[in-house]
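S.K.:
In the numbering used here, the protein residues as written are 54 to 295.
1) Going by other Cβ atoms of all chains shown within 10 Å of its Cβ, with 16 needed for buried, is residue 159 buried or exposed?
2) Under 8 Å between C-beta atoms, does residue 269 make it to chain C?
3) Which same chain residues, not among the five before or five after residue 52, have their C-beta less than 7 Å away from its C-beta?
4) How about residue 104 and residue 112: do their beta carbons lie closer than 8 Å?
5) Return helix, strand or coil for residue 169, following the three-state DSSP convention.
6) Check whether the region 211-220 touches the region 113-121, counting contact only when three or more Cβ pairs, one atom from each stretch, lie closer than 8 Å.
7) To the nearest whole angstrom, what separates the beta carbons of residue 182 and residue 79, a pair I think is in contact under 8 Å?
8) Could you name the residues of the same chain whose beta carbon sits closer than 8 Å to that of residue 132, not counting the 5 residues immediately before and after it, in chain order?
9) From the DSSP output, in three-state form, read off residue 183 for me.
10) Tell me the start and end of each unbroken beta strand (DSSP E) in the region 90-129 that is at least 3 residues and wholly inside, in chain order.
11) Residue 226: which of 69, 73, 127, 67 sits nearest, CA to CA?
12) Provide the residue span of the beta strand (DSSP E) that contains residue 134, from first to last.
13) Quick check: what's the CA-CA separation for residue 8 versus residue 208?
14) Quick one: Cα of residue 59 to Cα of residue 99, how far?
15) Under the assumption that residue 110 contacts residue 137 (Cβ atoms under 8 Å), give the Cβ distance between them as a whole number of angstroms.
16) In whole angstroms, give me the CA-to-CA distance for residue 134 and residue 169.
17) For residue 210, count the other beta carbons within 10 Å of its own beta carbon; 16 or more makes it buried, fewer makes it exposed. Which is it?
18) By DSSP, does residue 59 sit in helix, in strand, or in coil?
19) Starting from residue 80, follow its DSSP beta bridges and name the residues at the other end.
20) Could I get the ranges of all uninterrupted alpha helix (DSSP H) runs contained in the region 254-278, with 4 residues as the minimum, in chain order?
21) In whole angstroms, what separates the C-alpha of residue 230 from that of residue 140?
22) For residue 208, which of helix, strand or coil comes out of DSSP?
23) Enumerated in chain order, which unbroken segments of the beta strand (DSSP E) with a length of 3 residues or greater are wholly contained in the region 187-247?
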């Protein structure tokens, strides 16, 4: 893949999207991972004077926050750190425990993602910016994102790039090795990694999604996952009228 051409195409697309929406700029969450780093650099190139990065820790690994700050510093992206841990704890205390039931790890993780989405859209509304998501084509194909969380965005510049190509674009952009080498993680649960949660490597998953073969067990997993998460990629169904 010609990553220089991909870079130019996406940057032009972002710039055109801002103009078409009569918006003034772009806001993107920077997590310290490779997807958000690449996305933030693309945003900065598209809107050099009106890109805002948000670092939104919620009981997060301090190393992730450091890496996110490093991206902002290296690429001169204006950034604001909004500590959401206290808000998260207060909200979780209010909503959890109904009927004596303990909160599930999935519900807790998704609450974090949705709280971050709320902060991103607040800033977008405040400055008339568009919210830029960091999801890639593989995550979207598998429904590996939180509905109305990190899936709640205006634009998906990496939405047609497989994870392998995100890494290729990251190397083209000279994203720091410390970030490229990190195990992909949503950072929603302690010790969580994408491949650990999915059960398969991105390489194995993409062999099924974009190749002609792949392991039969992986293929079965992909088909099941896509069917279960189809609702994430379609509008809510409407009740028919008589």
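We put the beta carbon where it would ideally sit given N, CA and C, even for glycine.
These numbers come from a predicted model, not from an experiment.
M.R.: In brief:
1) exposed
2) This model lacks chain C altogether, as it is built from one protein chain only.
3) There is simply no residue 52 to check, as the chain begins at 54 and stops at 295 in what is shown.
4) no
5) helix
6) no
7) 6 Å
8) 83, 105, 106, 107, 108, 121, 122, 125
9) strand
10) 104-108
11) 127
12) 132-134
13) Residue 8 cannot be examined here, being either before or after the span of the chain that is shown, 54 to 295.
14) 13 Å
15) 7 Å
16) 12 Å
17) buried
18) helix
19) 105, 184
20) 255-263
21) 33 Å
22) strand
23) none
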